[in-house]
Amino acid sequence: MSEVDLLGELLERASARLAAYGYLLTGDQYAGEDLVQDAIVKVFVRRRKLPNAAAAEGYVRTAMRTLHLDRMRRDKVWRRLAPGQVARDDVPDAAERIATADAVGRALETLSPRQRTAVVLRFYDDLTVADVAHEMRLATGTVKRYLSDALDRLAVEVDPAVFDGERISVVDREGRS
Amino acid sequence: MNLHDLLGRYGADAAAGSRNRLESAEVREVLETRVRRGRRRRAVVGGVGAVAGVSLVAVGVWAVAPGLGSSVDVATSGDPAAAGPYRYVVDDVLDDHAVNDVPLRQPEVYLRGDDEVMCGDELSLTPGVTIHDQAALGRALYFEAELVTLGDVTRSDPPATPKPLDPDNPDGLSNSWDPSEPIWDGWAGGVMSRQISTALLMDAATVVGVLEGSMVQTSMEQEVEGSAGSRVPTVGHCDLTEISWEDLSELERGDPMDTLLVSQFWGENQEGDVVLLATIVVDPHQPANHSTSPRDNQPDWQDPIERSPFAPEPVVQAELLPPDGDSYQAFVVPGPEASCAPFADQLAAGQPGAHNIQYEIELPGMTEELTGELWMDEPVLSVPTGDSPWYKGLQAWIVADEVGGIEDPPLQWHDDDLSADFTGSYPMRDGACAFTAPDPLPQGSVFLIFHGVDMAAVEASGLMVEWVEPSDLYTWIYLGEAEQIKY
Chain A
-6 MSEVDLLGEL
4 LERASARLAA
14 YGYLLTGDQY
24 AGEDLVQDAI
34 VKVFVRRRKL
44 PNAAAAEGYV
54 RTAMRTLHLD
64 RMRRDKVWRR
74 LAPGQVARDD
84 VPDAAERIAT
94 ADAVGRALET
104 LSPRQRTAVV
114 LRFYDDLTVA
124 DVAHEMRLAT
134 GTVKRYLSDA
144 LDRLAVEVDP
154 AVFDGERISV
164 VDREGRS
Chain B
167 MNLHDLLGRY
177 GADAAAGSRN
187 RLESAEVREV
197 LETRVRRGRR
207 RRAVVGGVGA
217 VAGVSLVAVG
227 VWAVAPGLGS
237 SVDVATSGDP
247 AAAGPYRYVV
257 DDVLDDHAVN
267 DVPLRQPEVY
277 LRGDDEVMCG
287 DELSLTPGVT
297 IHDQAALGRA
307 LYFEAELVTL
317 GDVTRSDPPA
327 TPKPLDPDNP
337 DGLSNSWDPS
347 EPIWDGWAGG
357 VMSRQISTAL
367 LMDAATVVGV
377 LEGSMVQTSM
387 EQEVEGSAGS
397 RVPTVGHCDL
407 TEISWEDLSE
417 LERGDPMDTL
427 LVSQFWGENQ
437 EGDVVLLATI
447 VVDPHQPANH
457 STSPRDNQPD
467 WQDPIERSPF
477 APEPVVQAEL
487 LPPDGDSYQA
497 FVVPGPEASC
507 APFADQLAAG
517 QPGAHNIQYE
527 IELPGMTEEL
537 TGELWMDEPV
547 LSVPTGDSPW
557 YKGLQAWIVA
567 DEVGGIEDPP
577 LQWHDDDLSA
587 DFTGSYPMRD
597 GACAFTAPDP
607 LPQGSVFLIF
617 HGVDMAAVEA
627 SGLMVEWVEP
637 SDLYTWIYLG
647 EAEQIKY
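For the record, the sequence lines run as chains A and B. The first sequence begins at -6 in our numbering and counts up one residue at a time. The second sequence begins at 167 in our numbering and counts up one residue at a time.
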């Protein structure tokens, strides 16, 4: 199969899944699409021997995760100024933008980018806590804290029974005097 | 249904529209083009593949953290290149045009997207502001830039000996840096959803180096401002191309006067689509048009203060009690004198003293893992702030009997996490003090310090400190002995 055909088959077969993954990571449809495209370019530029579209999809997903984490690390601490200082009349209402019909969506919107990323890596990518910590270059305790806080917020919107048994002990008190 | 399935279903539903776009013939054609161009670009620089992320080294706020510098030596001769400062405001076009008559132009360069700039592109860029969509107006978009040196923005002395940040990788990133290295200092602001700054190294009209200096993307449009500069690309360094550090060190550093600093802003148009709003091109050959530097915008910038010639008076140290569950020993300590390591000096002199006000403080749920990595993204520790306790948001530090490098690293808040503030600058610390990145694994007694006190606890102790301004009081919280704190 030529690379051109492989790319076409990848898009046909995996666009929906990759777009969904991109959206989960970034929280934004367009940013998610950008992430998919950038990852595809990154994978195919390197002339890897990709036996089939399924293998290519795996590489692209990994590249998406890497690119997303790299960009998250690069983002500066930008100061958010007070809203309402803009003269434009058509600034969309923040509440309308955040509200979604889906409880999971509402819950995810309340998470910080790091919490969201940790949740996606842990519960969608099914990485272990240690692997999530490695990918995000954080301590495992920090990841546990992110996940615990995120699940608390998710529980406000989503039936906690969905993730009963997925709670993680945040603090290990062994060895303390 | 478990959380994995829920996330999958939610993502699929939310991104349903994306599928059609990604599967379109147009996108496929664009991707094929980008792949072909990307391979040609790799051929230009030899096609080596290794670690990406050289463009991670950004300037502005990050520039005061010299530990992320490359190991490329800069040959310095004569005066360093300088240009600016410059300030460009998108709405200034309204001085010459009515809103409906503002000239709109197609972008001459794209910093993102299908036609993203790359080495080999032939460009003719117009200095100043170019507006691409009328939605750019009324957003208070602006960009400031100045060609300076790394030393200008860090205001600290370099360490005497380069030291690898990762002891297991002695040839990797080091904390060495060259204060004479030219950089573009930048600052941008306004209502936007994305802003990117990229330095282009030009050989006449041909792009021979691309370095994305900074990028910020918000989940929804909002008014933001922040650092937006870039380092100077090397010849043959093209962004998104993977180059090993070894290869980078062999590339010729570009002449900063041959660079153009390009800033682009994205936001929503009337139809709700995210579009490229405006481009601002800074040409160092243009005369300066502003009187203040971008770094003057930084809210935490402090003027150097006079250092005290006196070391802290030695005191008898209080008996330190190990933490008990969520309870920690807290002390009220007067503020330090200015020095290069003011809190470390106090600790060495015996603080917290036996005669200081002390009380028990509850930090329920604080992550009991003091991480060994005191820089980058790694939070030093997590302190619960759900009920907005008195210490939330207060300036904070970590000090221990032994912390290599900067001995009392300041911390900054990210949600509930306190991470190392890599600027190393704060009041009481003279800007001329030498700076090195803090060593991992502090040793000995470890204290978390907040600039402020729990006045209720202080008053309850019955021992008000009347001769010191409350604003000059600090709370030292004993976290325990470093070796007993989990990593």
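All C-beta atoms in this analysis are idealised placements derived from N, C-alpha and C, irrespective of residue type, glycine included.
Which residue wins for smallest C-alpha separation from residue i, given the options the options?
| i | options | result |
| --- | --- | --- |
| residue 455(B) | 286(B), 247(B), 176(B), 254(B) | 254(B) |
| residue 201(B) | 122(A), 147(A), 42(A), 35(A) | 35(A) |
| residue 615(B) | 180(B), 645(B), 270(B) | 645(B) |
| residue 61(A) | 297(B), 381(B), 563(B) | 381(B) |
| residue 307(B) | 280(B), 187(B), 286(B), 388(B) | 388(B) |
| residue 300(B) | 260(B), 458(B), 527(B) | 260(B) |
| residue 502(B) | 369(B), 480(B), 297(B), 486(B) | 480(B) |
| residue 128(A) | 141(A), 140(A), 114(A) | 114(A) |
| residue 643(B) | 514(B), 488(B), 398(B), 625(B) | 488(B) |
| residue 284(B) | 268(B), 638(B), 274(B) | 274(B) |
| residue 29(A) | 267(B), 280(B), 457(B) | 280(B) |
| residue 619(B) | 549(B), 367(B), 497(B), 269(B) | 497(B) |
| residue 190(B) | 37(A), 24(A), 5(A) | 5(A) |
Look up residue i in the DSSP assignment and give the residues it is bridged to.
| i | result |
| --- | --- |
| residue 564(B) | 614(B) |
| residue 373(B) | 368(B) |
| residue 354(B) | 309(B), 392(B) |
| residue 490(B) | 493(B) |
| residue 483(B) | 519(B) |
| residue 526(B) | 495(B) |
| residue 294(B) | 447(B) |
| residue 314(B) | 349(B) |
| residue 249(B) | 313(B) |
| residue 362(B) | 381(B), 430(B) |
| residue 10(A) | DSSP lists no partner for residue 10(A). |
| residue 647(B) | 611(B) |
| residue 576(B) | 563(B) |
Residues in its own chain within less than 6 Å of residue i by CB, not counting five upstream and five downstream?
| i | result |
| --- | --- |
| residue 249(B) | 313, 450 |
| residue 282(B) | 276 |
| residue 213(B) | The pLDDT assigned to residue 213(B) is 27, lower than 50, so where the model puts this residue is not dependable, and the model offers no usable value. |
| residue 7(A) | 50 |
| residue 448(B) | 252, 311, 427 |
| residue 556(B) | 620 |
Between residue i and residue j, how many whole angstroms is the CB-CB distance? I'm expecting something under 8 Å.
| i | j | result |
| --- | --- | --- |
| residue -3(A) | residue 198(B) | 6 Å |
| residue 362(B) | residue 430(B) | 5 Å |
| residue 495(B) | residue 452(B) | Contact flag wrong, Cβ pair sits at about 59 Å. |
| residue 311(B) | residue 427(B) | 5 Å |
| residue 357(B) | residue 278(B) | Contact flag wrong, Cβ pair sits at about 19 Å. |
| residue 309(B) | residue 394(B) | 7 Å |
| residue 574(B) | residue 507(B) | 5 Å |
| residue 400(B) | residue 375(B) | 6 Å |
| residue 257(B) | residue 303(B) | 6 Å |
Considering only the beta carbon of each residue, do residue i and residue j sit closer than 8 Å?
| i | j | result |
| --- | --- | --- |
| residue 511(B) | residue 478(B) | yes |
| residue 319(B) | residue 355(B) | no |
| residue 486(B) | residue 117(A) | no |
| residue 678(B) | residue 123(A) | Coverage of chain B is limited to positions 167 through 653, which leaves residue 678(B) absent and any answer about it impossible. |
| residue 111(A) | residue 151(A) | no |
| residue 181(B) | residue 15(A) | yes |
| residue 11(A) | residue 54(A) | yes |
| residue 351(B) | residue 461(B) | yes |
| residue 64(A) | residue 103(A) | no |
| residue 57(A) | residue 18(A) | yes |
| residue 419(B) | residue 349(B) | no |
Sorted by chain position, which residues of the same chain lie with C-beta nearer than 7 Å to residue i's C-beta, five sequence neighbours on each side aside?
| i | result |
| --- | --- |
| residue 528(B) | 492, 493 |
| residue 519(B) | 481, 482, 483, 484 |
| residue 170(B) | none |
| residue 559(B) | 579 |
| residue 109(A) | 20, 101 |
| residue 640(B) | 499, 501, 615, 616, 617 |
| residue 288(B) | 371, 372 |
| residue 266(B) | none |
| residue 290(B) | 274, 371 |
Closer than 8 Å by C-beta to residue i: which residues in its own chain qualify, once you throw out the five before and the five after it? Chain order, please.
| i | result |
| --- | --- |
| residue 126(A) | 132, 133, 135, 136 |
| residue 86(A) | Bear in mind that the predicted position of residue 86(A) carries a pLDDT of just 39, short of 50, making it too unreliable to give a figure here. |
| residue 441(B) | 298, 299, 301, 432, 433, 434, 435 |
| residue 647(B) | 488, 610, 611, 612 |
| residue -5(A) | none |
Establish whether the CB of residue i and some CB of chain C are separated by less than 8 Å.
| i | result |
| --- | --- |
| residue 8(A) | Structure shown: chain C not included; protein chains present are A and B. |
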